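Chains A and B, in that order, are what the protein sequence lines are.
First residue of the first sequence? That's 1 in the UniProt record's numbering, and the numbers climb one at a time after it.
First residue of the second sequence? That's 1 in the UniProt record's numbering, and the numbers climb one at a time after it.
We put the CB at the ideal spot given by N, CA and C, even for glycine.
None of the values given here were measured: they were computed from a predicted structure.
Number of protein chains: 2
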Amino acid sequence: MAQVIEIDDPSDARLEDFRDLSTADRRPDRPGGRGLVIAEGVIVVQRLLASPYPPRALLGVPRRIAELEPELAGVDVPAYATSAEVMAEVVGFHLNRGVLAAADRAPRPTAEQLIAGSRLLAVLEGVGDHENLGALFRNAAALGVDGVLLGAGCSDPLYRRSVRVSMGHVLRVPFTELSPWPDGLDLLRRHGFTVAAMTPRRQARPLAATGLGGGKVAVVLGSEGPGLTEAAIEAADLTVRIPMAAGVDSLNVATAAAVAFHALGNP
Amino acid sequence: MAQVIEIDDPSDARLEDFRDLSTADRRPDRPGGRGLVIAEGVIVVQRLLASPYPPRALLGVPRRIAELEPELAGVDVPAYATSAEVMAEVVGFHLNRGVLAAADRAPRPTAEQLIAGSRLLAVLEGVGDHENLGALFRNAAALGVDGVLLGAGCSDPLYRRSVRVSMGHVLRVPFTELSPWPDGLDLLRRHGFTVAAMTPRRQARPLAATGLGGGKVAVVLGSEGPGLTEAAIEAADLTVRIPMAAGVDSLNVATAAAVAFHALGNP
């Protein structure tokens, strides 16, 4: 059972995990970056507590901590209760969601582990925008994607903004690196996957006519601007496009992913 | 040909259309709200200049105005050139897109005009969030939706943030009100449309198995939280759902719309 501890002093050393979030987690990989997983709001904290990431502590206003009582019953971490003002002073900005949880990272599965037992996978290249990444994980979770493989140039899905935009689903959908890139795509083929690269190119097959429904499919997606690299496209088994109206550049990458996940997951 | 006029003084009366944008356009329907259409950034300004909305003026840094030279050749409006600092002082915040255009509204088509000649339409109820609305129009434009009908409780698609998030596509995709709501859906039926209400309800038909491909379809979408009202669902011909994984609440309304537009537009 989590212990609720009231704290009035924003400089209390026990709140270290939550201090200056907007700067501290900007580069979690760098010295000074703590690399913690931060969940914001009741629903995302619930998903964190149900995830493989070991929780360290909660910080929230009493009302929000009380809402989490059922989930906290089985968890042995401190829950620091304080006012909205003290919270704002600790984290460095006003949080209208009223509760935060901090967790440690957990070992990722190997690509082999993630691929085995999956049927529909997303593979990303150069998806650097944290909001797009978060939205993509939310869509992956909703549309039955079994896991996400990160090729070259992707941001950290556990960055705070990405966790928030994913509504916590980045904590549920397993992900790991796929390297070397793009040669690692061979691993998918060896496990019986067809590797489908999404591209707006005219020569690509329309999504509704791929004939891929039912089999194991890995959908390879690039970032919104430049799209997939030539090397990634060449390493795929086929190219697939979403038919677009003339004069429209492209869909947002998370939206294009959702369209592809639905079409390939519901043949 | 637009006339480029250099302005140094942020209080210059000719810049009235662009003053204090974050407050002025918050409630364009209220006294003091100017109800102008505002486009931000080169691409969106290009789409505005190609739209039915009559331009009034541009404001931008010289480099961005120069980029618009081809589009401005055929337009008789003043283009006020100034520094980024003066622009920020006029509009009330820093614009990193460097150019704005203001336009008047234009008469909307009647629902009858919009429906005639269309094959795939979106019908919205209670979509109040301007970003969702903008994203939905972007997806509608990309995926070949012929128009958008606004049922009860929708926000103004021409609000500044909605225009920006739509990447200007809200200026291209025709839209108008459908009233009375939801009885106005009958008008669609009289024009040969099947009215399909999107809902996560278990009894609804999976999107991939509606059998609607090829015919005239109107996709009715509600807002993310509450979804469609009972009255709207009852007024539809059938209910349709996107199959979702357990434990996931829903997709963002613009994303759900994209999935539906693709599935129903590419049978």
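What residue ranges within the region 92-152 of chain B form continuous alpha helix (DSSP H) runs of no fewer than 4 residues, ordered along the chain? 111-115 and 130-142
For isoleucine 7 (chain B), which residues in chain A fall below 9 Å Cβ to Cβ? By 1-based counting over the second sequence, the position of residue 7 (chain B) is 7. Under the 9 Å cutoff, chain A gives no residues; its nearest Cβ is about 32 Å from isoleucine 7 (chain B).
Residues that residue 268 (chain B) contacts on chain A, provided the C-beta gap is smaller than 8 Å: Outside the shown range of chain B, which is 1 to 267, sits residue 268 (chain B), and nothing can be said about it.
Just to confirm, is the Cβ distance from alanine 57 (chain A) to proline 78 (chain A) under 8 Å? By one-based count along the first sequence, residue 57 (chain A) stands at place 57. By one-based count along the first sequence, residue 78 (chain A) stands at place 78. It is a contact, given that the beta carbons lie within the stated cut-off.
Would you say the region 125-136 of chain A touches the region 80-95 of chain A, given that touching needs at least three Cβ pairs under 8 Å? no
If you measure between the beta carbons of glutamate 218 (chain B) and alanine 196 (chain B), is that distance less than 8 Å? As a working note, residue 218 (chain B) is residue 218 in the second sequence. As a working note, residue 196 (chain B) is residue 196 in the second sequence. Note on identity: in this sequence residue 218 (chain B) is alanine, with glutamate being the wrong assignment. Contact: yes.
Tell me whether serine 11 (chain B) is buried or exposed, calling it buried when 16 or more other Cβ atoms sit within 10 Å of its Cβ. For the purposes of this step, residue 11 (chain B) is taken as the residue at position 11 of the second sequence. Exposed is the call here.
For arginine 119 (chain A) and lysine 216 (chain A), the rounded distance between their alpha carbons: Locating residue 216 (chain A) in the first sequence gives position 216, counting from the first residue. Locating residue 119 (chain A) in the first sequence gives position 119, counting from the first residue. Distance between the alpha carbons of lysine 216 (chain A) and arginine 119 (chain A): 5 Å.
Own chain partners of proline 243 (chain B) with C-beta closer than 7 Å, once the 5 adjacent residues on each side are dropped: As a working note, residue 243 (chain B) is residue 243 in the second sequence. Pro206.
Could you pull out every residue in the same chain whose Cβ sits closer than 8 Å to the Cβ of asparagine 266 (chain A), ignoring the five residues on either side in sequence? Position 266 of the first sequence, counted from the first residue, corresponds to residue 266 (chain A). The answer, listed in chain order, is Gly213.
Cα-Cα, which of A:Leu121, A:Val248 and A:Val253 is closest to alanine 135 (chain A)? Taking the first residue of the first sequence as 1, we reach residue 135 (chain A) at position 135. Considering only alpha carbons, the answer is A:Val253.
Which term fits glycine 247 (chain B), buried or exposed, when burial requires 16 or more other beta carbons within 10 angstroms of its beta carbon? Position 247 of the second sequence, counted from the start, is the residue given in the question as residue 247 (chain B). Its Cβ having fewer than 16 others within 10 Å, glycine 247 (chain B) is exposed.
Residue from B:Ala260, B:Gly153 and B:Asp156 with nearest C-alpha to methionine 198 (chain B): Along the second sequence, one-based indexing puts residue 198 (chain B) at 198. Closest option to methionine 198 (chain B), Cα to Cα, is B:Ala260.
Using only CA atoms, which one of A:Ala66, A:Leu149 and A:Ala2 lies nearest to aspartate 76 (chain A)? For the purposes of this step, residue 76 (chain A) is taken as the residue at position 76 of the first sequence. Among A:Ala66, A:Leu149 and A:Ala2, the Cα nearest to that of aspartate 76 (chain A) is on A:Ala2.
Helix, strand or coil for residue 274 (chain A), going by three-state DSSP, please let me know. Because chain A in this structure spans residues 1 to 267, residue 274 (chain A) falls outside the shown range and cannot be described.
Of the listed residues A:Arg164, A:His169 and A:Arg161, nearest to valine 148 (chain A) (C-alpha basis): Position 148 of the first sequence holds residue 148 (chain A). Ranking A:Arg164, A:His169 and A:Arg161 by Cα distance to valine 148 (chain A) puts A:His169 first.
Boundaries (first-last residue) of the beta strand (DSSP E) holding proline 78 (chain B): Taking the second sequence and counting its residues from 1, the one referred to as residue 78 (chain B) is at position 78. From DSSP, the beta strand (DSSP E) with proline 78 (chain B) extends over 78-81.
Got a sec? Which residues, its chain only, sit under 6 Å from glycine 222 (chain B) by beta carbon, not counting five neighbours each side? On the second sequence, position 222 is the one that residue 222 (chain B) refers to. Taken in chain order, the residues that qualify are Glu125, Gly126 and Leu228.
Short of 6 Å in beta carbon distance, which residues of its chain neighbour glutamate 6 (chain B), apart from the five on each side in sequence? Order them along the chain. The count along the second sequence starts at 1 and reaches residue 6 (chain B) at position 6. For glutamate 6 (chain B), where only same-chain residues beyond five positions count, the Cβ hits under 6 Å are Ala81.
Just grab the DSSP bridge partners of glutamate 71 (chain B) for me. In the second sequence, the residue the question calls residue 71 (chain B) occupies position 71. According to DSSP, glutamate 71 (chain B) bridges with nothing at all.
By the 10 Å Cβ neighbour count, where 16 or more other Cβ atoms means buried, how is threonine 23 (chain A) classified, buried or exposed? In the first sequence, residue 23 (chain A) corresponds to position 23, counting from 1. Under this definition threonine 23 (chain A) is an exposed residue.
Rounded straight-line distance, which links the Cα of tryptophan 181 (chain A) to that of glycine 153 (chain A): Residue numbering aside, residue 153 (chain A) sits at position 153 when the first sequence is read from its first letter. Residue numbering aside, residue 181 (chain A) sits at position 181 when the first sequence is read from its first letter. About 10 Å.
Whole beta strand (DSSP E) runs in the region 177-202 of chain A with 3 or more residues, listed along the chain? 194-198
Strictly below 9 Å CB to CB, what residues from chain B border proline 243 (chain A)? Locating residue 243 (chain A) in the first sequence gives position 243, where the first residue counts as 1. Those are Leu143, Gly144, His262, Gly265 and Asn266, listed as they occur along chain B.
So what does arginine 241 (chain A) bridge to, in DSSP terms? Your numbering for residue 241 (chain A) matches position 241 in the first sequence. DSSP output for arginine 241 (chain A) lists A:Pro206 as bridge partner(s).
At a Cβ cut of 9 Å, what residues of the region 180-209 of chain A count as close to chain B, listed as they run along the chain? Pro206, Leu207, Ala208 and Ala209
Within 8 Å of any Cβ in chain A, is that where the Cβ of leucine 255 (chain B) sits? Taking the second sequence and counting its residues from 1, the one referred to as residue 255 (chain B) is at position 255. According to the sequence as given, residue 255 (chain B) is threonine; it is not leucine. At least one chain A Cβ lies under 8 Å of threonine 255 (chain B).
Locate the alpha helix (DSSP H) running through alanine 258 (chain A), then write down its first and last residues. Position 258 of the first sequence, counted from the start, is the residue given in the question as residue 258 (chain A). Taken as a continuous stretch (DSSP letters only), the alpha helix (DSSP H) holding alanine 258 (chain A) covers 253-265.
Alanine 50 (chain B) - DSSP class collapsed to helix/strand/coil: Mapped onto the second sequence, residue 50 (chain B) falls at position 50. Coil, per DSSP.
Determine the chain B residues that contact asparagine 139 (chain A) at a beta-carbon separation under 7 Å, and present them in chain order. Residue mapping note: residue 139 (chain A) aligns to position 139 of the first sequence, counting from 1. Neighbours of asparagine 139 (chain A) on chain B, chain order: Leu251 and Thr255.
In this structure, does DSSP put isoleucine 65 (chain A) in helix, strand or coil? For the purposes of this step, residue 65 (chain A) is taken as residue 65 along the first sequence, with counting starting at 1. Helix, per DSSP.
With burial defined as no fewer than 16 other Cβ atoms inside 10 Å of the residue's Cβ, what is the status of valine 90 (chain B): buried or exposed? The sequence position of residue 90 (chain B) within the second sequence is 90, counting from 1. The residue is buried, with at least 16 neighbouring Cβ atoms inside 10 Å.
Distance, Cα to Cα, alanine 257 (chain A) vs asparagine 139 (chain A)? Residue mapping note: residue 257 (chain A) aligns to position 257 of the first sequence, counting from 1. Residue mapping note: residue 139 (chain A) aligns to position 139 of the first sequence, counting from 1. So the alpha carbons of these two residues sit roughly 8 Å apart.
Does any CB atom of chain D fall closer than 8 Å to the CB of alanine 258 (chain B)? Given the protein chain composition of this structure (A and B), no chain D is represented.
Chain A contact residues for arginine 169 (chain B), given Cβ-Cβ distances below 8 Å: Walking along the second sequence from the start, residue 169 (chain B) turns up at place 169. At residue 169 (chain B) the sequence reads histidine, which differs from the arginine that was named. Result: Val248.
Taking the CB atoms as reference points, tell me whether valine 173 (chain A) and valine 44 (chain A) lie closer together than 8 Å. In the first sequence, residue 173 (chain A) corresponds to position 173, counting from 1. In the first sequence, residue 44 (chain A) corresponds to position 44, counting from 1. Their beta carbons are not under 8 Å apart, which means valine 173 (chain A) does not touch valine 44 (chain A) by this criterion.
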